[in-house]
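What follows is a single structure, written as structure tokens, with notes after it.
Numbering (our numbering), first residue to last: 1299 to 2192.
This is the structure we're talking about:
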């Protein structure tokens, strides 16, 4: 029987498998999961742009290559039952199933009308007679809205032979077509938007070689794995953040309007355009800004399935629109109804402000171009004190929304600008601006003083920040004024708890710097009582308690405080990362003092950026002390001197008086250690360090850290010159001050220098006397580093002490201390020791990935990372390249 030609109106486009798209991403695992021959029905349900057609086409081509009959049919709204009936048969004919050749004439004559339309019935018979698996691919099912056509499909699904498998792609399921029953019965598989999202590996393949990991990560965040979004975003000119409609955004808007959001009812479209102005969405916020039930209405818009994403860190029901859709809707709202655009942004700003989301509220006020509202929101949130509740990062973000006019007209906002300028490292400009605002400079409108209590609080807060981060001398007028103001305001009962806690902490810090430790701890307790539970100020207070314990030689207490603070830091790291840098510096400082240097990592240089903002004096001094000493030990004094010169330049540039004095003393000590005595004396004079003993030991005009560094440098210089009598007199003053202020660490450093002095003077009995006193302190605080610094004199004195005092009680501590000195000397001479496995890993670090190393050494990747972490710690580095370089320097690698 001859096969009649296909009707002339049948279009081969509808039954032709689409060609592979440019930039196709091979996803074999996903193709394996959707293998149509494993299930009666395979359903791909996702919004437009998720690559459903691309996957179907690739699966279809794969099946056809394997000899499986795979028919393709793209559906549309014009497919009546008669047209659909014809196209189903035509699709299988195009796929190679010769229906008329398979069926006999008797089959055709016995075809009874009623069960199915004639062609569909014949098709089913032919597929059944074919006997092998056949696949019918139906793309864009949502386009088929004719009920009779849907009934035809449902009948085909129900009565088709068992060797016919269906693959269906749609954005939403037609209500009159039952696809759920076979899926629920276990005869179907569903792939939704989450299954179809691109992974980062898929994105890297799509973007091609040469694209950086940072670029892939950025596009992953922007696209959320939505394939069409990645395609739209891959061109740099497509800037979703711009409301200006350029050529690229015309293309994006056209695709979204014509493909994804087509067919929306007017009410749905208006709601979507409003929602496009929200950063994130929850029911309460939508109800407050728009109307009750808005979130449910939004979730019922079928075109958004898979494109409403959960928001981390918000309420469990918080969502956000995909960024491309959100920006598209915001642009449409802006261009179509600008008044509505401004009104919605103003409402969102006020609602977020009531929730305490100050910076987000300001962002929406800025979008509405309502600068008076923006300034009011920040002032109502506490002005500069917004950082107390939301962190310094939020203060910096808030400042970016302030324009020059707002800053000049509102003194409290000028103080915000001052604090932000300080935190960005522009110290001189911050000082100038603060002086101008506090003095009522005509540049700033309004009266900044008077009875404005809020301004007084803000001014005192900024003054305190300048004192802490500006590193002014303790006896400077600005520091004295700031501390006096903080003490006065801390006593006010009408100030809010967070502000009062901040002022108490500032007073506490002042007492700590002056080594008035009991008063500092008392103020710390008061600050804690004021601070809300869980506030990040608790971390700073715990770190300060640890510093006091360390200075007093209370090693266990200091270790506990630092560990407790570092444990809590991760709760605040995103909003307030600076305590982590301070905690790391203080922990490294204490480990060094105990001569536990194996786990201390140092950088090749120290930068203020390591602290997330200009560091406080305490943070910079602690880190600088560690870095300079270990650099001198590992890389030589010249390298350490180069580093301290760089640090001094930073301190000079910012006019950081406390830091300059501290670093100048450290520089003198390094020069003495290099036996460059004349140069050390010139440096002393050049940096203006004091000559008189009382000026060196003063704790009113300098901090205890400055005093300790200056006094130790002075003693080293006197010892090196052989001025032993002057050195002894100076030493007695230092010992007296350290005992009076309970500066245990300082006293142990002084005793080590006393041993070196008497050993150099040939008074070995006196040196042994100081050894005995040192050991009594060492029994409480195992600070071995002071002895190690002066080990050329201290080790012989300690050995002599052991020879002359062979019995208890001091012998145990003496032997332990001597062992620590020898171990430290060995580490300095030989470097850290490594296991055979660590050396195996180290040799492969430069050229192999963790997975490759794991395969070569029969380890897991996790095991490799474990060994790499130990290697980094022992070498004192942070990355693979530095580890390899340092290993070569010390001879571990060729």
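C-beta atoms are modelled at their ideal positions from N, C-alpha and C, and glycine is treated no differently.
Here the structure is a predicted model, which is why all the values come from computation and not from measurement.
Considering only DSSP beta bridges, list what residue i is partnered with.
{"i": "residue 1437", "result": "1372"}
{"i": "residue 1463", "result": "1433"}
{"i": "residue 1486", "result": "1339"}
{"i": "residue 1468", "result": "1343"}
{"i": "residue 1766", "result": "Bridge partners of residue 1766: none, in fact."}
Ends of the alpha helix (DSSP H) at residue i?
{"i": "residue 2142", "result": "2134 to 2142"}
{"i": "residue 1846", "result": "1835 to 1849"}
{"i": "residue 1457", "result": "1445 to 1457"}
{"i": "residue 2158", "result": "Run containing residue 2158: none; DSSP gives neither H nor E here."}
{"i": "residue 2067", "result": "2062 to 2076"}
{"i": "residue 2094", "result": "2089 to 2102"}
{"i": "residue 1442", "result": "No alpha helix (DSSP H) contains residue 1442, which DSSP labels as neither H nor E."}
{"i": "residue 1783", "result": "1775 to 1788"}
{"i": "residue 1573", "result": "1564 to 1573"}
So does residue i have its beta carbon nearer than 7 Å to some heavy atom of the ligand NAD?
{"i": "residue 1663", "result": "As presented, the structure is devoid of all ligands, the ligand NAD included, so that no description of it is given."}
Taking DSSP as the reference, what is the three-state secondary structure of residue i?
{"i": "residue 2279", "result": "In this structure the chain extends from 1299 to 2192, so residue 2279 is not present and cannot be described."}
{"i": "residue 1579", "result": "strand"}
{"i": "residue 1425", "result": "helix"}
{"i": "residue 1832", "result": "coil"}
{"i": "residue 2193", "result": "Since the first and last residues shown for the chain are 1299 and 2192, residue 2193 lies out of range."}
{"i": "residue 1892", "result": "coil"}
{"i": "residue 1853", "result": "helix"}
{"i": "residue 1812", "result": "coil"}
{"i": "residue 1415", "result": "Bear in mind that a pLDDT of 46 at residue 1415, under 50, signals an unreliable position, so the model cannot answer this."}
{"i": "residue 1885", "result": "helix"}
{"i": "residue 1589", "result": "coil"}
{"i": "residue 1799", "result": "helix"}
{"i": "residue 2166", "result": "helix"}
{"i": "residue 1523", "result": "coil"}
{"i": "residue 2146", "result": "coil"}
{"i": "residue 1534", "result": "Unreliable placement is indicated for residue 1534, whose pLDDT of 44 sits below 50; the coordinate value is still reported in the next sentence. Coil, per DSSP."}
{"i": "residue 1877", "result": "helix"}
{"i": "residue 1540", "result": "Because residue 1540 carries a pLDDT of 45, less than 50, the predicted location of this residue cannot be relied on, and the following value inherits that uncertainty. The answer is coil: DSSP assigns residue 1540 none of H, G, I, E or B."}
{"i": "residue 2108", "result": "coil"}
{"i": "residue 1805", "result": "helix"}
{"i": "residue 2177", "result": "coil"}
{"i": "residue 1395", "result": "coil"}
{"i": "residue 2208", "result": "Because the chain spans 1299 through 2192 in this model, residue 2208 falls outside it and cannot be assessed."}
{"i": "residue 2192", "result": "coil"}
Using beta carbons (cut-off 8 Å, strictly below), is residue i in contact with chain C?
{"i": "residue 1974", "result": "Reference to chain C is not applicable here, since this structure consists of a single protein chain."}
Counting only runs that start and end within the stretch 1900 to 1980, where is the alpha helix (DSSP H) found for 4 or more residues in a row?
-> 1915 to 1933, 1935 to 1951 and 1955 to 1971
Evaluate the contact criterion for the stretch 1660 to 1679 versus the stretch 1643 to 1651: three or more CB pairs, one atom per stretch, below 8 Å.
-> yes
Segments of 4+ residues assigned as alpha helix (DSSP H) that fall wholly inside the stretch 1306 to 1388 | 1326 to 1331 and 1350 to 1363
Take every Cβ of the stretch 1463 to 1479, pair it with every Cβ of the stretch 1342 to 1354, and state whether three or more of those distances are shorter than 8 Å.
-> yes
Please list the segments of the alpha helix (DSSP H) lying wholly inside the stretch 1645 to 1725, counting only runs of 4 or more residues, in order along the chain.
-> 1656 to 1665, 1669 to 1678, 1684 to 1688, 1690 to 1697, 1702 to 1707 and 1709 to 1721
Hey, which unbroken runs of the alpha helix (DSSP H) at 4 residues or more fall wholly within the stretch 1987 to 2059?
-> 1991 to 1994, 2002 to 2019, 2022 to 2038 and 2042 to 2059
Given 8 Å as the limit, is there contact between the stretch 1807 to 1822 and the stretch 1998 to 2018, that is, 3 or more CB pairs closer than that?
-> yes
Are three or more beta carbon pairs between the stretch 1942 to 1949 and the stretch 2059 to 2076 nearer than 8 Å?
-> no
Does the count of Cβ pairs from the stretch 1777 to 1786 and the stretch 1794 to 1808 closer than 8 Å reach three?
-> yes
Quick one: any contact between the stretch 2008 to 2026 and the stretch 2037 to 2054, if contact means 3 or more CB pairs under 8 Å?
-> yes
May I have a chain-ordered list of the alpha helix (DSSP H) segments no shorter than 4 residues that lie completely inside the stretch 1486 to 1511?
-> 1491 to 1494 and 1498 to 1505
On the three-pair Cβ rule with 8 Å, is the stretch 1376 to 1394 touching the stretch 1308 to 1319?
-> yes
How do the stretch 1931 to 1941 and the stretch 1958 to 1974 stand: do at least 3 beta-carbon pairs fall below 8 Å, yes or no?
-> yes
Cβ contact (3+ pairs, closer than 8 Å) linking the stretch 1367 to 1375 and the stretch 1418 to 1438 | yes
Sufficient close CB pairs (3 or more, under 8 Å) joining the stretch 1834 to 1841 to the stretch 1854 to 1866 | yes
The stretch 2068 to 2079 / the stretch 2108 to 2120 touching (three or more Cβ pairs under 8 Å) = yes
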